[in-house]
């Protein structure tokens, strides 16, 4: 029974809409690949055969669900193409997950549990080996069985077994049923393809110790099957020594070469027995309809009992070699409920042995990670040193106060400057932590700095001097300092940790992207240039007698040729691996050049994509990945730029720095800011009776935020209550918070009451004159009134 369901159906235990008039129905499944239904039905019989609806039918794996993705109307009916229900995951999305050093079981859970929206699919795996993969902006199907090197099947291996809403990634998806069969190209219904291009029957093993290459005394290790082929196929194999056999300059140990030779021999044995490099790749396509017409069908009928991934033992008649072949594709007739076709062979390699160039690139990139991490550590190290110096200066100033517990005006001014410097030098770390998304450690550090600043301002920095200091105050400041230094250390460690991980993640992704890019370029060139087989020196002709390809080889036999130049309408290819490539140096007709190394005099280009550009002398250097560059050096002056600042370095080691904090000049004796921003304003302050005066907080424009600005003030005018005269007045302005760009303007004022009196007044000539006069009351001081203050801020 074949049933049809609405696209929103979730219960498939009922019959649904029966499809009784199906003309044909075929299910095709490939190993770790497609799983589809192709069904044909009379036209206008069922209107519900539309995109999105679901079909349930018999398959080689029992009843399975398929969702229609393409209905096509034909002259005699409608043909629908439907994917297995698991392909619903194509529509879902994974933003960024990184299963790290974990098993296959944990990896599939990570993939299916981190989709953009929930789904009904359940995953499992019996793969215990651990691996790591990064999935960024992918759908779950790409993550599981995609062609990318990062996919599950390429990182953990395994074979996908799909059963409706169940997805299993199994170490072995099938079983070895012990079937032994003889297949041949002369058998009707059997299509045979034997590929010996990757066969190796004689190995030349080598290993490297202290940069010296060693080979075996006997040099070669032969395969037991070497006589099955017309001549030996010889290749080198490089064995990486285990760590315990590597020499150590710090230890006076002697390397046992006999043990190493035994390891090299065992390495070759594994390549023959486990990797089976001495056996050809085979592929057999079995057509049961044609095969059933032959006498041999009775001997091969057992193939109807196998399933995808099952292993069958095949005898290759031409070579008299037994090969273990796996069922890699099935075509199932739904109406007849039996196989129509099978394909036996090997999986097409999805993780090929990359060229030496790619391996070298990965090694270089690993080194680049270390360099990048060191660069980041050194970069933040400079900023930490500056902050540490400022904190040490402030701490030293406070410690000096503890000697006599007296704070003078000069000491208070020094203390204030040191505190401002600590606040200013903290700006770098705060800005870096913001850019890296570090919140907790950043907020803890800011809170510690604010606590110390507020305590000093409240108790020591706005007082009348000399000021006695209590031992409790000194102890409190010491506690605040310890808290600040602890939070500073934690913030610095967190910044280093995040930047290091970002560098590693970035480089890992670049390695993966570059491997994919280079492999695709090589594969594309090989695909374009590879044509039919030729001979020694051949101008190949088509059916009309016109040439379409020319070959130049280093031997007169295409099977033994190693160096091949191949020219056809698609391009020119150069291979040192034989006629079938890969062509790792090529020029194709579509304008692409693939090469490991290019030397040129002049390069004229509109766009160059690269990681690093450098002059031959190294004096001009640009890292395009990390957005940094360096120019100069020969004349003594150097320009450097990274993603936070630009520096102009001079011969004497001094330099000018431009960043979001402004323009700074740094020398061996210290640093100072160039002032180029000016902000002027005025404010009216209503004196309320506060002995220390009244504060008004001024918010500066955004361009002042994060800069080491200075504030100045002057008196504009003042107003007193009636009957009072001015005794004294002060105005002041100073920075409150550099990061927030705020300034405090302060004013205090004292006045005295005046009264009118009558009596004798001494005249200029010394005589006494009766009259009225003003007299101040020395006991009637007040600090009420209004003051207008002008202020100016520069940065």
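In the working numbering, the protein residues as written are 42 to 836.
Beta carbons are placed, not taken as given, at the ideal position from N, Cα and C, and that holds for glycine.
In this text, all values refer to a predicted model and were calculated from it rather than measured experimentally.
(request) Answer with buried or exposed for residue 76, where buried requires no fewer than 16 other C-beta atoms within 10 angstroms of its C-beta. (result) Taking the chain shown and counting its residues from 1, the one referred to as residue 76 is at position 35. Flag for residue 76 reads buried.
(message) Checking 8 Å against the spacing of the C-beta atoms, do residue 280 and residue 244 come in under that value?
(response) Mapped onto the chain shown, residue 280 falls at position 239. Mapped onto the chain shown, residue 244 falls at position 203. No, these two residues do not count as a Cβ contact at 8 Å.
(message) So, does the segment 264–275 touch the segment 214–224, judging by three or more C-beta pairs under 8 Å?
(response) no
(message) Within 10 Å of its beta-carbon, does residue 113 have 16 or more other beta-carbons around it, so buried, or fewer, so exposed?
(response) Locating residue 113 in the chain shown gives position 72, counting from the first residue. Per the 10 Å Cβ criterion, exposed.
(request) Grab the span of the alpha helix (DSSP H) containing residue 481 for me, first residue to last. (result) As a working note, residue 481 is residue 440 in the chain shown. From DSSP, the alpha helix (DSSP H) with residue 481 extends over 481–497.
(request) Would you mind sorting residue 195 into buried or exposed? The rule is 16 or more other CB atoms within 10 Å of its CB. (result) If you number the chain shown from 1, residue 195 lands on position 154. Its Cβ being crowded by 16 or more others within 10 Å, residue 195 is buried.
(message) Which residue wins for smallest C-alpha separation from residue 608, given the options 309, 630, 349 and 595?
(response) Mapped onto the chain shown, residue 608 falls at position 567. Residue 608 has its Cα closest to that of 630, out of 309, 630, 349 and 595.
(message) Between residue 151 and residue 168, how many whole angstroms is the CB-CB distance? I'm expecting something under 8 Å.
(response) Taking the first residue of the chain shown as position 1, residue 151 is located at position 110. Taking the first residue of the chain shown as position 1, residue 168 is located at position 127. Wrong, their Cβ atoms sit about 13 Å apart, outside the cutoff.
(message) Quick check on this structure: which residue in 500, 529 and 507 has the alpha carbon closest to the alpha carbon of residue 515?
(response) In the chain shown, counting from the first residue as 1, residue 515 sits at position 474. Out of 500, 529 and 507, 500 has the C-alpha closest to the C-alpha of residue 515.
(request) Specify whether the segment 739–759 and the segment 783–792 touch according to this definition: at least 3 beta carbon pairs, one from each stretch, less than 8 Å apart. (result) Segments in contact, yes.
(message) Beta-carbon within less than 7 Å of residue 725's beta-carbon, same chain only, minus the 5 sequence neighbours each way: which residues are those?
(response) If you number the chain shown from 1, residue 725 lands on position 684. Excluding sequence neighbours, residue 725 sits near 827 and 829.
(request) List the residues that DSSP assigns as beta-bridge partners of residue 79. (result) Residue numbering aside, residue 79 sits at position 38 when the chain shown is read from its first letter. Paired residues: 67 and 122.
(request) May I have the straight-line CA-CA distance separating residue 774 from residue 763, to the nearest angstrom? (result) On the chain shown, position 733 is the one that residue 774 refers to. On the chain shown, position 722 is the one that residue 763 refers to. Their backbone Cα atoms lie some 28 Å apart in a straight line.
(request) Less than 8 Å between the CB atoms is what I'm expecting for residue 431 and residue 463, so what's the real figure, rounded? (result) For the purposes of this step, residue 431 is taken as the residue at position 390 of the chain shown. For the purposes of this step, residue 463 is taken as the residue at position 422 of the chain shown. Their Cβ separation, rounded to whole angstroms, is 5 Å, which keeps residue 431 and residue 463 in contact under 8 Å.
(request) Along the beta strand (DSSP E) that carries residue 628, what are the first and last residues, could you check? (result) Locating residue 628 in the chain shown gives position 587, where the first residue counts as 1. 626–629 is the extent of the beta strand (DSSP E) around residue 628.
(request) In the DSSP assignment, find the unbroken alpha helix (DSSP H) run with residue 181 in it and report its ends. (result) The count along the chain shown starts at 1 and reaches residue 181 at position 140. Segment 181–186, the alpha helix (DSSP H) holding residue 181.
(message) Does the segment 168–188 come into contact with the segment 124–142, if we say contact requires no fewer than three beta-carbon pairs (one atom in each stretch) closer than 8 Å?
(response) yes
(message) Give me the residue from 98, 202 and 134 with the minimum Cα distance to residue 178.
(response) Translated into the one-based positions of the chain shown, residue 178 becomes position 137. Closest option to residue 178, Cα to Cα, is 134.
(request) Would you grab the beta carbon distance between residue 612 and residue 628 for me? Rounded to a whole angstrom, and I think it's under 8 Å. (result) The count along the chain shown starts at 1 and reaches residue 612 at position 571. The count along the chain shown starts at 1 and reaches residue 628 at position 587. Yes, residue 612 and residue 628 are in contact; Cβ-Cβ is about 5 Å, under 8 Å.
(request) Ignoring anything shorter than 3 residues or poking outside the segment 753–801, list the beta strand (DSSP E) runs there in chain order. (result) The segment 753–801 contains these whole beta strand (DSSP E) runs: 765–778.
(request) Spell out a yes or no on whether the segment 115–125 and the segment 362–375 are touching, meaning 3 or more CB-CB pairs, one atom from each, closer than 8 Å. (result) no
(message) Given this structure, state the Cα-to-Cα distance separating residue 227 from residue 175, to the nearest angstrom.
(response) The count along the chain shown starts at 1 and reaches residue 227 at position 186. The count along the chain shown starts at 1 and reaches residue 175 at position 134. Residue confidence is low: residue 227 scores 46 on pLDDT, short of 50, so the model does not pin down where it sits. Its coordinate-derived value is still stated next. Their Cα atoms are separated by approximately 48 Å.
(message) Using only the alpha-carbon positions, how far apart do residue 247 and residue 256 sit?
(response) The sequence position of residue 247 within the chain shown is 206, counting from 1. The sequence position of residue 256 within the chain shown is 215, counting from 1. Taking the straight line from one Cα to the other gives about 5 Å.
(request) Please classify residue 253: does DSSP put it in a helix, a strand, or coil? (result) For the purposes of this step, residue 253 is identified with residue 212 of the chain shown, where counting begins at 1. Of the three classes helix, strand and coil, the one that applies to residue 253 here is strand, per DSSP.
(message) I need the DSSP call for residue 540, collapsed to helix, strand or coil.
(response) On the chain shown, residue 540 is found 499 positions in, with the first residue counted as 1. Residue state, collapsed to three classes: helix.
(message) Our contact map puts residue 326 next to residue 382 with C-beta atoms below 8 Å; I'd like the distance itself, whole angstroms only.
(response) Within the chain shown, the letter at position 285 stands for residue 326. Within the chain shown, the letter at position 341 stands for residue 382. 7 Å between Cβ atoms; contact.
(message) Between which residues of its own chain and residue 682 is the CB-CB distance below 7 Å, once the five residues before and five after are set aside?
(response) Position 641 of the chain shown, counting from 1, holds the residue named residue 682. Around residue 682: 669 and 670.
(message) Excluding the 5 residues flanking residue 274 on each side, which residues of the same chain have their C-beta closer than 7 Å to its C-beta?
(response) As a position in the chain shown, residue 274 is number 233, starting the count at 1. 240, 241, 242 and 243, listed in sequence order.
(message) Can you look up residue 308 in the DSSP assignment and give me helix, strand or coil?
(response) Numbered from 1 along the chain shown, position 267 holds the residue referred to as residue 308. In the structure shown, residue 308 sits in a helix (DSSP, three-state: H, G or I).
(message) Let me check you understand the geometry: is the CB of residue 384 closer than 7 Å to at least one non-hydrogen atom of the ligand FAD?
(response) This structure simply doesn't include the ligand FAD, nor any ligand for that matter.
(request) Taking all protein chains shown into account, decide if residue 14 is buried (16 or more other Cβ within 10 angstroms of its Cβ) or exposed. (result) Residue 14 lies beyond the range of the chain shown here (42 to 836); nothing can be said about it.
(request) Using 10 angstroms around the beta-carbon of residue 574, count the other beta-carbons present and answer buried if the total reaches 16, otherwise exposed. (result) As a position in the chain shown, residue 574 is number 533, starting the count at 1. Confidence at residue 574 is low in this model, with a pLDDT of 38, below 50, so its placement is unreliable and the value that follows should be read with caution. Looking at its Cβ environment, which holds fewer than 16 other Cβ atoms inside 10 Å, residue 574 is exposed.
(message) Quick check: what's the CA-CA separation for residue 105 versus residue 654?
(response) For the purposes of this step, residue 105 is taken as the residue at position 64 of the chain shown. For the purposes of this step, residue 654 is taken as the residue at position 613 of the chain shown. Straight-line measurement puts the Cα of residue 654 at about 55 Å from the Cα of residue 105.
(message) Whole angstroms are fine: how far does the CA of residue 474 sit from the CA of residue 78?
(response) As a position in the chain shown, residue 78 is number 37, starting the count at 1. As a position in the chain shown, residue 474 is number 433, starting the count at 1. If you take the alpha carbons of residue 78 and residue 474, they lie about 54 Å apart.
(request) Determine the direct distance from the alpha carbon of residue 205 to that of residue 468, and round the result to whole angstroms. (result) Translated into positions along the chain shown, residue 468 becomes position 427. Translated into positions along the chain shown, residue 205 becomes position 164. Cα to Cα, residue 468 sits roughly 57 Å from residue 205.
(message) Taking 6 Å as the limit between beta carbons, can you name the residues of its chain near residue 446, skipping five residues before and five after?
(response) Here residue 446 is taken as the residue at index 405 of the chain shown, counted from 1. Cβ within range, chain order: 510.
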